[in-house]
Each structure stands twice: as C-alpha cells, then as structure tokens.
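Some notes on the structure that comes next.
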DNA sequence: ATGAAAGCGCTAACAT
DNA sequence: ATGTTAGCGCTTTCAT
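So this is what it looks like as structure tokens:
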C-alpha cells in the first residue's frame with residue numbers, strides 16, 4: 288500500500304480512503320490512485336484490515352457430517368448468503384461429538400470469526416453454556432434447536448409428524464409403529480411427540496412395543512427392526528424419524544424379503560437423495576435444508592448488525608411428498624393441506 | 288498478552304515463547320506464565336500471529352456443489368486431515384461456474400490462506416493460468432485433473448471404465464451405449480475414452496448413435512434418452528458417466544415404464560447414495576471420495592513444507608460394486624479382479 | 001482535501 | 001535465560 292501511495296504521490300491514508308470510499312477524495316487524485324492500484328494489481332489484505340477493524344467478515348460453520356446431503360444443503364444455503372454479504376465461511380465437521388464441536392468453536396474463535404453457525408449441535412451440551420455467555424461470540428443454531436431464547440432456525444417437527452400419522456390413520460391404519468431413534472436428541476424427541484399427539488387425538492393407545500428408540504445407527508435400526516417385522520403381530524405401518532433410520536428400515540425389509548407398502552406401509556421424515564427415481568417410492572416429509580441455511584446466515588448477519596436484537600427462532604415448513612410407500616390412494620388429501 | 292506478562296512478571300517475549308515453546312524457559316517462570324495464562328483464560332489470536340508469521344494455517348476449498356454427496360465426502364476428507372494438522376478450512380461453492388470459482392480463489396487469497404484445494408475445477412479455464420503462476424499460491428486439484436504437471440488427486444477413470452464395458456461385453460452384450468455427458472469436461476472425456484478402448488479391444492465398431500454427449504443436466508439426459516430407449520433398435524446395455532447422468536437415465540426408464548436390467552442393462556460410474564437399499568440395484572463404480580480429500584490435503588501440506596517438491600499426481604482406484612442392473616450372473620468375475 | 005502517525009496482537013531479531 | 005523493540009498491512013484519529 289505504501290508503494291501505491293508512492294506511485295500516486297499521496298499518503299497511505301488517501302489510498303485507504305480511496306479503496307474503502309470512507310472519505311471524499313478529489314476526483315483527480317482518486318483516479319490517480321485507482322490507476323496505481325490497477326497497475327500494481329493490488330489486493331487488499333483482509334488480515335491486516337481485520338486487525339484494525341476487529342471484524343474478519345468470516346463466519347464459522349460446524350456440521351456433524353458434511354457427507355449427508357441435508358448438511359450439504361444447509362452448507363450451500365449458508366455459503367450463498369455469506370457470499371452475497373461478502374463474508375467468507377470456515378467449515379468444521381464435528382462427527383456429532385461434543386468434544387470436537389467445542390474444539391471447532393475454539394479454533395473459530397482463535398481465527399476471530401464474527402459469528403458461528405452450529406448446524407446440529409451435539410445434544411450433549413457439556414461446555415455449551417460457556418459458549419453462550421453474552422460476552423461470547425454471536426451464535427446461530429441450525430436444525431437442532433435449544434429450548435432457551437437464542438437465534439436459531441429449524442424445521443417444524445411436531446405438527447408435520449402429527450399430520451403424517453393422521454394421514455395414515457385417516458387411511459385406515461391403526462397399528463402404526465415409530466422408529467424414533469435416539470430420543471435424547473431434541474429434534475427426534477419432537478418428532479416422537481408429533482406421533483404421540485396423533486395417536487392421542489385418534490384415541491389409539493400408545494404401545495411401548497411400537498416405539499423403537501435408543502437406536503443410533505443405520506445398522507442398529509436394521510437389527511432392531513427384524514424381530515419387529517417378522518410374524519403376524521407386526522405393525523401395519525411405520526413412520527421413521529430420520530434418513531439414517533429410514534435406510535435401516537429399508538435394510539431390514541430387504542433382509543426379510545418384505546415390500547412396502549405391500550407388507551408394511553412407510554412414511555419417512557427426511558428424504559433420501561434421488562428418492563424420486565427409486566423403488567420403493569417413499570412418501571416423505573422433506574425439510575427445506577437450503578433455505579434453513581440461508582435463514583441461519585441472515586439471522587447471524589442481523590445479529591452482527593444489531594447485537595441487541597431480540598433472539599429469534601425461525602421454524603420453516605417442510606414439504607409433504609406423497610408417493611407410494613404409505614399405501615394410500617393417490618388422490619388422498621395431503622395431510623399438509625397443500 | 289501484555290496483561291499476562293505483567294501478571295507473571297515477565298516480558299511479552301517470554302510469554303510468547305512459553306506459548307510456542309520456541310526457546311527454552313526456566314521451569315519456574317514457565318509454570319508462572321502458564322498459571323497466568325490459565326487464570327486469564329488466554330486464547331491466542333491467530334490473526335495477529337498470521338500477520339507476523341505470514342502463514343494463516345488455513346486452507347481454502349472450493350467445490351462446485353456441496354449438495355452432492357461425493358463433494359461432501361471430499362470435504363470430509365479434507366476437513367479430517369486439516370484438523371489433524373492444525374489447519375482451519377475455508378469453503379466456497381462455485382456452482383460449477385468459472386467466474387465464481389475465480390472469485391472464491393481471490394477471496395481466499397485476500398484472507399491469505401496458505402493453500403487452495405480446487406475440488407472440481409470448472410473446465411472453462413479462463414483466468415486459470417493466472418492462478419497457476421509460480422508466484423501464486425499453492426494449489427491442489429481434486430477430481431478434475433489438468434494435463435500439466437501439478438499437485439492433483441483424482442480417481443482412475445479410463446481403466447475402470449474400460450473394464451466395466453469389458454464386463455458387459457464378456458457377459459454377452461454387444462450393443463452398448465454410453466451416456467457420456469459433456470465431453471469438454473476432462474473427467475468425462477476420460478470415461479468416454481475407456482468406453483472407446485473397450486469397444487476397440489473387442490472389435491465392436493463405435494457408433495455415434497450410441498454416444499449420448501453434450502447433455503449437462505439430469506433433465507437433459509432424461510429427455511435425450513427417451514427416443515433412444517424406445518423401439519427395438521435400442522441398445523442392450525448402457526453405461527453412464529456420472530451420478531446425475533444415471534439419475535437422468537433412471538428418469539427416462541421411469542417415463543417409458545422400462546426396467547433394468549430386464550429391458551436394458553445399466554452400469555453407472557459413480558454411485559447414488561443409499562444405492563444399497565433401492566431398486567433397481569445398480570452395478571456401480573464407486574470413487575473413494577473421502578480418501579481423495581485426505582490425499583489432497585496431505586499433498587497440500589507437503590507442498591507447504593517443501594515448496595520445491597516435484598508436482599505429484601495421485602490416482603486412486605475406485606471400487607466395483609456388482610449388483611443386479613448389469614444383468615450379469617452373480618458369480619461373474621469382477622472386472623477389477625478383486 | 002489530504003497527511004502523519006498510532007496501534008491492532010503478536011513474533012523474532014537483537015540485546016543483555 | 002530473559003527483555004526490548006521493530007514491524008506485519010492496514011484503518012482512523014488528529015492535524016493541517
């Protein structure tokens with residue numbers, strides 16, 4: 288920058304002001320400086336700027352597993368809005384491990400990111416409180432939400448889950464099991480809650496042998512489902528609470544040489560990629576993951592501009608995609624009324 | 288840091304050296320400094336350090352579409368190795384647009400990343416040469432490779448593609464079409480080359496009406512395939528060059544109410560996620576995307592440590608997953624000899 | 001309208 | 001073994 292100043296016969300201050308438009312500069316000198324800038328192929332140094340301004344225009348994003356399409360979509364959404372606002376994005380993967388998540392946050396802080404988006408907080412919140420202290424960095428939660436007042440964006444869960452169970456009940460199913468996954472995860476807990484409410488509203492008793500919980504991996508789901516699906520006592524319909532769970536159920540069906548909806552109906556919360564093209568064609572609730580990412584970034588920008596804004600929780604509506612696996616007639620009304 | 292120095296009755300230099308272990312410090316003072324560090328909850332400022340050291344310990348990664356599982360996997364691999372080496376990762380998405388890609392690179396440079404990984408360079412290389420000037424930043428290409436000498440890691444393409452076509456030929460197919468996509472993309476060109484070589488070796492003439500090229504999107508593939516698949520003149524087998532292409536073909540099959548392998552056999556280069564669980568069960572060549580990401584990061588680290596190292600090109604072997612869509616008997620020998 | 005200079009938080013060369 | 005200090009590249013206050 289000193290070189291530029293020299294070449295244009297001005298001070299570094301003027302060069303800086305030309306670059307940033309931070310104070311009026313006489314047309315002629317501005318042109319001279321711009322020419323020098325061009326000639327030298329000048330590129331600003333964001334580090335040095337950040338040192339002075341103490342804002343890096345960088346956000347940190349931590350996701351639990353970038354391999355899963357839904358996270359890819361969230362990342363995509365964040366990236367898009369970040370770019371639009373001139374922000375760079377740092378990414379870390381936590382492998383759904385609270386320890387790694389905290390470490391990622393610390394690293395981000397060392398790099399002085401302006402804010403952090405946690406796309407799927409580990410639900411084991413040890414050390415989490417510390418991150419939330421007001422003196423701490425702006426934070427937005429994505430997907431897995433906390434109960435306290437925070438900036439966060441997720442998808443509606445209870446209502447949609449209730450409605451797809453309603454949908455099954457309305458189409459004559461009365462023995463519906465839920466493959467709920469790990470109920471200590473808030474999101475999954477909420478989905479279970481929707482299931483419970485639907486049964487409740489229809490006066491169907493909740494049977495504990497129709498709730499498959501405490502299964503965390505696709506493999507565990509697959510193993511757990513086999514005994515449940517064999518024999519005549521099996522449920523007539525299944526709702527699954529996440530992509531991995533659905534995959535596990537499909538594995539079990541395969542193992543038993545069973546078909547959906549012929550042998551058991553199936554509705555999945557979350558969609559498997561390219562679901563359109565494959566059999567079974569699974570009726571699904573689809574989360575608007577890209578938009579969720581966009582909203583998260585916008586929420587963060589808002590907070591950066593106005594640190595004292597009220598914390599906001601955004602819940603986006605998922606889409607209902609009616610396919611064949613629920614075994615309902617094609618003309619059956621959408622449970623989402625759309 | 289000045290506060291720490293005060294509290295421990297030493298100079299900032301000593302504090303710095305305790306933190307970095309850059310010079311011997313008397314046990315007792317070290318302990319005193321460490322205590323002060325702890326008490327103050329000191330966190331180093333990587334920006335300031337980067338200013339001095341002129342290395343940020345940050346790498347920039349640009350992918351064309353984080354939404355696609357294969358990129359998620361590469362990102363995962365890079366993230367893992369980066370973390371292990373104490374590097375942070377910046378991510379940008381280029382939407383397969385050369386312009387955006389260049390902009391992402393520029394932004395990364397402004398942030399002074401130590402190196403850049405380009406996970407799928409846009410093949411329109413305008414302005415690309417500029418990025419490659421020796422005075423420029425260390426660069427590693429991922430997936431789409433360049434012909435010149437550069438650090439880059441990809442998967443083998445020609446050989447594996449040749450072998451899966453061999454596999455089809457060996458099992459009695461002699462009319463095999465390739466859905467090759469956009470042949471100006473080097474990777475896709477290579478896959479086509481493998482197809483060509485296989486036909487050549489078997490003395491099967493290459494027919495231009497058996498090469499579907501110049502299709503870029505899933506939708507275009509779907510539309511282009513319909514006329515080809517109708518009627519008795521249709522090919523007996525299809526090889527597809529990428530995930531999106533495979534998806535397009537599946538769409539066309541669906542439109543025509545056709546099945547694979549019953550109506551036409553299919554082998555896909557690249558695998559659709561959760562392919563295990565769905566019908567049709569597509570015989571596929573699977574790229575080790577996570578490892579590719581890991582290797583890319585390691586190559587970059589090597590270059591950073593030794594700027595004068597010879598450029599290295601790494602080609603990883605894909606896996607062959609034999610399923611039903613190729614219509615070959617289950618016991619047919621693996622074309623990859625494994 | 002422009003310039004001089006301090007300083008952001010560190011590291012490292014040079015002293016002692 | 002430890003301390004002093006210049007300076008990384010910029011922004012911005014205070015002068016002129």
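Residue numbers (our numbering), protein chains in the order written: chain A, 288 to 625; chain B, 288 to 625. Even for Gly, the Cβ is constructed at its ideal location relative to N, Cα and C. Note that the structure is a prediction, hence the values are computed from the model and not measured.
Compute the Euclidean distance between the alpha carbons of residue i and residue j, then round it to the nearest angstrom.
| i | j | result |
| --- | --- | --- |
| residue 539 (chain A) | residue 614 (chain A) | 19 Å |
| residue 428 (chain A) | residue 330 (chain B) | 24 Å |
| residue 279 (chain A) | residue 357 (chain A) | Only positions 288 to 625 of chain A appear in this structure, which leaves residue 279 (chain A) out of reach. |
| residue 343 (chain B) | residue 320 (chain A) | 29 Å |
| residue 387 (chain A) | residue 387 (chain B) | 31 Å |
| residue 308 (chain B) | residue 582 (chain B) | 30 Å |
| residue 541 (chain B) | residue 566 (chain A) | 11 Å |
| residue 477 (chain B) | residue 484 (chain B) | 11 Å |
| residue 498 (chain B) | residue 353 (chain B) | 29 Å |
| residue 389 (chain A) | residue 336 (chain B) | 22 Å |
| residue 494 (chain A) | residue 576 (chain A) | 32 Å |
| residue 611 (chain A) | residue 623 (chain B) | 37 Å |
| residue 404 (chain A) | residue 550 (chain A) | 42 Å |
| residue 507 (chain A) | residue 443 (chain A) | 27 Å |
| residue 600 (chain B) | residue 561 (chain B) | 30 Å |
| residue 395 (chain A) | residue 394 (chain B) | 18 Å |
| residue 312 (chain B) | residue 340 (chain B) | 21 Å |
| residue 297 (chain B) | residue 293 (chain A) | 41 Å |
| residue 291 (chain A) | residue 310 (chain A) | 18 Å |
| residue 586 (chain A) | residue 362 (chain A) | 15 Å |
| residue 407 (chain A) | residue 518 (chain B) | 50 Å |
| residue 564 (chain B) | residue 515 (chain A) | 19 Å |
| residue 620 (chain A) | residue 453 (chain B) | 50 Å |
Please list, in chain order, all residues of the same chain as residue i whose beta carbon is under 7 Å from its beta carbon, the five residues on each side excluded.
| i | result |
| --- | --- |
| residue 591 (chain A) | 401, 402 and 425 |
| residue 436 (chain B) | 598 |
| residue 367 (chain B) | 581 |
| residue 602 (chain A) | 441, 442 and 443 |
Give me the Cβ distance between residue i and residue j, rounded to the nearest whole Å; I'm assuming they're in contact under 8 Å.
| i | j | result |
| --- | --- | --- |
| residue 535 (chain B) | residue 509 (chain B) | 4 Å |
| residue 463 (chain A) | residue 455 (chain A) | 6 Å |
| residue 457 (chain B) | residue 500 (chain B) | Not quite, the Cβ-Cβ distance comes to about 25 Å (not below 8 Å), so this is no contact. |
| residue 383 (chain A) | residue 351 (chain A) | 4 Å |
| residue 496 (chain A) | residue 399 (chain B) | With a Cβ gap of about 59 Å, residue 496 (chain A) and residue 399 (chain B) do not count as contacting. |
Using beta-carbon positions only, say whether residue i and residue j come within less than 8 Å of one another.
| i | j | result |
| --- | --- | --- |
| residue 439 (chain A) | residue 580 (chain A) | no |
| residue 338 (chain A) | residue 334 (chain B) | yes |
| residue 432 (chain B) | residue 446 (chain B) | no |
| residue 572 (chain B) | residue 594 (chain B) | no |
| residue 364 (chain A) | residue 578 (chain A) | yes |
| residue 379 (chain B) | residue 349 (chain B) | yes |
| residue 512 (chain A) | residue 369 (chain A) | no |
| residue 372 (chain B) | residue 588 (chain B) | yes |
| residue 430 (chain A) | residue 474 (chain A) | yes |
| residue 409 (chain B) | residue 381 (chain B) | yes |
| residue 608 (chain B) | residue 570 (chain B) | yes |
| residue 479 (chain A) | residue 491 (chain A) | no |
Between residue i and the rest of its own chain, which residues show a CB-CB distance below 6 Å, the 5 nearest in sequence each way excluded?
| i | result |
| --- | --- |
| residue 317 (chain B) | 305 |
| residue 524 (chain A) | 455, 460, 463 and 552 |
| residue 295 (chain A) | 319, 320 and 323 |
| residue 533 (chain B) | 527 and 555 |
| residue 326 (chain B) | none |
Excluding five sequence neighbours on each side, which residues of the same chain lie with their C-beta closer than 8 Å to the C-beta of residue i?
| i | result |
| --- | --- |
| residue 449 (chain A) | 481, 482, 484, 485 and 488 |
| residue 289 (chain B) | 299 |
| residue 505 (chain B) | 531, 532, 534, 535 and 538 |
So does residue i have its beta carbon nearer than 7 Å to some heavy atom of the ligand ATP?
| i | result |
| --- | --- |
| residue 374 (chain B) | Looking for the ligand ATP in the displayed structure turns up nothing, as the structure carries no ligands at all. |
**OP:** Name, going along the chain, the residues of the segment 544 to 561 of chain A whose beta-carbon falls closer than 8 Å to a beta-carbon of chain B.
**Re:** 559, 560 and 561
**OP:** Taking a Cβ distance cut-off of 8 Å, strictly less, list which residues of the segment 352 to 363 of chain B are near chain A, in chain order.
**Re:** 352, 353, 354, 355, 356, 358, 359, 360, 362 and 363
**OP:** With 9 Å as the C-beta to C-beta threshold (strictly closer), list the residues of the segment 577 to 603 of chain A near chain B in chain order.
**Re:** 577
**OP:** Quick one: which residues of the segment 383 to 402 of chain B get their C-beta closer than 9 Å to a C-beta of chain A? List them in chain order.
**Re:** 387, 390, 391, 393, 394, 395, 396, 397, 398 and 399
Subject >> chain A contacts from the segment 516 to 543 of chain B (Cβ-Cβ distance under 7 Å) >> reply: 534, 537, 538 and 541
Original post:
Just by C-beta distance, which residues in the segment 325 to 337 of chain B are closer than 8 Å to chain A?
Top reply: 330, 331, 332, 333, 334, 335 and 337
Original post:
What are the residues of the segment 463 to 485 of chain B that lie near chain A, defined by any Cβ-Cβ distance shorter than 9 Å?
Top reply: none
Original post:
Of the residues that make up the segment 424 to 440 of chain B, which ones have a beta carbon closer than 7 Å to any beta carbon in chain A?
Top reply: none
Original post:
Which residues, in order along the segment 367 to 380 of chain B, keep a beta-carbon less than 8 Å from a beta-carbon of chain A?
Top reply: 367, 370, 375, 376, 377, 378, 379 and 380
Original post:
Along the segment 564 to 576 of chain B, what residues have a CB closer than 7 Å to any CB found in chain A?
Top reply: 564, 565 and 566
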